[in-house]
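These notes concern the structure reproduced below.
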Amino acid sequence: MDKPTLQTSQPLSALELAISGKLKSEQMPEFSGYLQEKIIRRIDYEREIKALKPKLWAAFGVMAFSVGLLAIAGDYMFKAFAQSPSYHFLALTFTDFGVMADNWQDYTFSILESLPLGALALTLGAGLASVLLTDFSIHQWSHFRKISIAYRH
Amino acid sequence: MTTHDNDIKSTGTEPTNRPLGLAKFASGHSRKFKWLIFALIELIILIGVFALGLNIGFRKAGFTYSWASHYKSNFGAPQTAQLIPPPPSNGYFNPHGVFGQILSANGTTSVIIKDSDSNEKTILLSPGAVIRQDYQTILPQNLKAGEQIVVIGEPNDQGQIQAKFIRIIDQN
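Chains V and W supply the protein sequences, listed in that same order. Position 58 of the first sequence, counting from 1, maps to 58 under this note's numbering, and the rest follow consecutively. Position 127 of the second sequence, counting from 1, maps to 127 under this note's numbering, and the rest follow consecutively.
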């Protein structure tokens, strides 16, 4: 049995061999190497897109969730700051900088003691998760675009 | 010069410029060395934050204990009275700063305020304390009941705050 001839000099993959074998067994007319390559590229493309799509949806879904969580955490932190005296202590930096600089140790302690740490940690955690998941989503999307563009050309 | 000139076989005895062993590890090019430095910096930051948290926690707990121990004497109750101080509603008190409303002003020596958690705090007014309203520095006797103030100061053993700076907040 003659092996199908492709325009590439690389050895044939199992998929290529299977397609050429199927064409021969069906007694279909001989396809040119170019057409066979197109079929293989299309199959490869569909296979890669199929594998990528769930990842892409999951990435965007988790990113949207993390951004929502960040908004909730931000609101929670805003309320926590409004209830704590930290806001008033921080405002003294702008109104009485000289006196605060003279008493920097007591001033620093007063801010550190009054910070709403739980709300702050939650917001920073949500912010970090959002940044990482946004980066992951952008990476997945650019991979998706790269595959699509590569197939078109 | 041909490419064959570079094909000189090594005898294994000539000196080499590449660092080996511990020298390679410490030269800054080793991946393990970079990780070690990174881990050490992380550890130092972690220990620093832990020590700071410990220090702040100790100060807050100490001040809250002193405040509760001297509750009767600080707020003028007779020693025979059964007066139990209210527990702090939000963990421990902040010993270095407080925001609240003046309940009573005792001339030039102290004021009693109600903080944001509705607990009374005694603020001692030392001669060096700076008291400001808007852009003006005012005298301690000008503090009036009902005014909102922010206090920065230092705690003492009696559960009081020795004020270093007081700002009167404009309520309008």
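Glycine residues also receive a C-beta, built at the ideal position from the N, C-alpha and C atoms. The structure displayed is predicted, hence computed values, not measured ones.
Please identify the residue among the options whose C-alpha is closest to the C-alpha of residue i.
i         : options                                       : result
W:Tyr-135 : W:Thr-122, W:Ile-168, W:Asn-142 and W:Lys-164 : W:Ile-168
W:Tyr-65  : W:Phe-50, W:Tyr-92, W:Thr-122 and W:Gly-53    : W:Tyr-92
V:Ile-147 : V:Glu-46, V:Met-28 and V:Leu-117              : V:Glu-46
W:Ser-110 : W:Ser-69, W:Pro-85 and W:Pro-140              : W:Pro-140
V:Leu-39  : V:Ala-18, V:Glu-26 and V:Leu-52               : Checking the sequence shown, residue 39 of chain V turns out to be Ile, not Leu. For V:Ile-39, the nearest C-alpha among the options comes from V:Ala-18.
W:Gln-171 : W:His-96, W:Gln-133 and W:Lys-32              : W:Gln-133
W:Ser-118 : W:Pro-87, W:Phe-63, W:Leu-143 and W:Leu-124   : W:Pro-87
W:Gly-107 : W:Ile-123, W:Ser-116 and W:Gly-97             : W:Ile-123
W:Phe-63  : W:Ser-116, W:Thr-137, W:Asp-115 and W:His-96  : W:His-96
W:Ile-131 : W:Lys-114, W:Asn-74 and W:Lys-164             : W:Lys-164
Establish whether the CB of residue i and some CB of chain W are separated by less than 8 Å.
i         : result
V:Leu-112 : yes
V:Tyr-107 : yes
V:His-139 : no
V:Pro-85  : yes
V:Leu-92  : yes
V:Val-99  : yes
V:Phe-78  : no
Using 10 angstroms around the beta-carbon of residue i, count the other beta-carbons present and answer buried if the total reaches 16, otherwise exposed.
i         : result
V:Ser-130 : buried
V:Gln-36  : buried
W:Glu-147 : buried
V:Phe-89  : buried
V:Gly-98  : exposed
V:Ala-91  : exposed
V:Glu-26  : exposed
V:Ile-43  : exposed
W:Asn-6   : Low confidence applies to W:Asn-6: its pLDDT is 47, below 50, so where it sits in the model is not reliable enough to give any reading.
V:Met-28  : exposed
Distance check for residue j and residue i, CA to CA, integer angstroms please.
i         : j         : result
W:Pro-155 : W:Glu-120 : 14 Å
V:Ala-59  : W:Val-151 : 48 Å
V:Tyr-151 : V:Lys-24  : 26 Å
W:Phe-153 : V:Asp-106 : It should be pointed out that residue 153 of chain W corresponds to Gly in this sequence rather than to Phe. Those two C-alpha atoms are separated by around 6 Å.
W:Gly-128 : W:Phe-50  : 34 Å
V:Leu-70  : V:Leu-124 : 8 Å
W:Lys-32  : W:Glu-42  : 15 Å
V:Asp-135 : V:Phe-94  : 36 Å
W:Ala-39  : V:Ala-121 : 22 Å
V:Ala-126 : W:Ile-45  : 22 Å
W:Lys-144 : W:Ile-112 : 11 Å
V:Pro-116 : V:Phe-81  : 7 Å
W:Ser-69  : V:Gln-83  : 27 Å
W:Val-98  : V:Pro-85  : 7 Å
V:Asp-75  : V:Gly-68  : 11 Å
V:Met-77  : W:Ser-73  : 38 Å
W:Asp-157 : W:Gly-48  : 27 Å
W:Asn-142 : W:Gln-162 : 18 Å
Looking at the ligand ATP, does it come within less than 7 Å of residue i, judged from the CB to the closest heavy atom?
i         : result
W:Asp-170 : The ligand ATP is not among the ligands present in this structure, which contains no ligands whatsoever.
So, is the C-beta of residue i closer than 8 Å to a C-beta in chain V?
i         : result
W:Ile-56  : yes
W:Glu-154 : yes
W:Asp-170 : no
W:Lys-114 : no
W:Asn-119 : no
W:Gly-159 : no
W:Val-150 : yes
W:Ser-104 : no
W:Phe-38  : no
W:Arg-132 : yes
W:His-96  : yes
W:Phe-50  : no
W:Ile-166 : no
W:Phe-33  : no
W:Phe-75  : no
W:Lys-72  : no
Check your understanding: Does the count of Cβ pairs from the stretch 52 to 72 of chain W and the stretch 103 to 110 of chain W closer than 8 Å reach three?
Key -> Proximity of the stretch 52 to 72 of chain W to the stretch 103 to 110 of chain W falls short of the contact definition, fewer than three beta-carbon pairs being nearer than 8 Å.
Check your understanding: Should the stretch 106 to 118 of chain V be regarded as contacting the stretch 133 to 153 of chain V, the criterion being three or more beta carbon pairs within less than 8 Å?
Key -> Counting Cβ pairs under 8 Å, fewer than three are found: no touch.
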